[in-house]
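FYI, the numbering for the sequence shown is 484 to 634, going by our numbering. C-beta: ideal position from N, C-alpha, C; glycine also. The structure presented is a predicted model; accordingly, all values stated were derived computationally and were not measured. Presented below is the structure to which this report refers.
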Amino acid sequence: MVGLVRPQTRNYDEIKFVSSVFVLTLSLLVSATIVNNVHAFVPPQVNFQGFITGSDSEAVTDGNYPITFSLWDGNNETSNKLWEDTQNIIVERGIYSTALGPFPYTLTFAEQYYLGIQVNGRDYLKIDNQFIPLTSTWTAFRADTSGGRLV
């Protein structure tokens with residue numbers, strides 16, 4: 484008598500199930516790795532340009548000038564200085580361009596900051612006797628934080 488051959492569906496189903504679980508797990512791991520490595524990049528520096536004039540309101544002479552940039556929590560020297568950087572900058576026809584930063588992680592840009600600028604160690608350049616208030620460009624650094632904490 485010929486015995487009945489039982490189809491191997493159980494093993495096939497188990498192999499198919501295990502394969503599906505393996506592929507799903509591998510897909511999740513790869514996705515998690517990609518998501519973990521992909522995030523918004525906020526450049527650590529801000530481009531800044533300016534025009535320097537002398538007391539006669541004419542552009543300063545072309546040359547290299549030591550310019551000190553500083554960030555403050557208020558609009559004058561009685562405030563707290565939060566960051567400072569001195570750069571030797573090429574000035575042509577009174578115009579200069581530089582990159583400011585990087586900035587310490589303690590500067591969250593969640594509050595209003597002010598920019599102080601000194602040329603050749605002289606008095607700070609001011610507008611209406613105040614430091615320059617920072618605008619929305621600077622708050623892009625806030626996009627790299629969550630509640631003031633780095634993400």
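In the DSSP assignment, the residues bridged to Lys564 are Trp555.
In the DSSP annotation of this structure, Leu617 is not part of any beta strand (DSSP E), being labelled neither H nor E. No residue range can be given for Ala542, since it is assigned to no beta strand (DSSP E) and is classified by DSSP as neither H nor E. Your pair Asp556 and Tyr607 does not check out as a contact, with CB atoms roughly 15 Å apart and the cut at 8 Å. For the set Pro587, Glu575, Ser538, Ser580, the Cα lying nearest the Cα of Glu567 is the one of Pro587. Residue state for Gly599 is assigned as strand, using DSSP reduced to three classes.
Exposure of Ser580 is indicated by the presence of fewer than 16 other C-beta atoms within 10 angstroms of its C-beta.
Straight through space, the alpha carbons of Tyr548 and Gln613 are spaced by roughly 22 Å.
Comparing alpha-carbon positions, the option among Ile572, Arg605, Leu583, Thr591 lying closest to Leu598 turns out to be Leu583.
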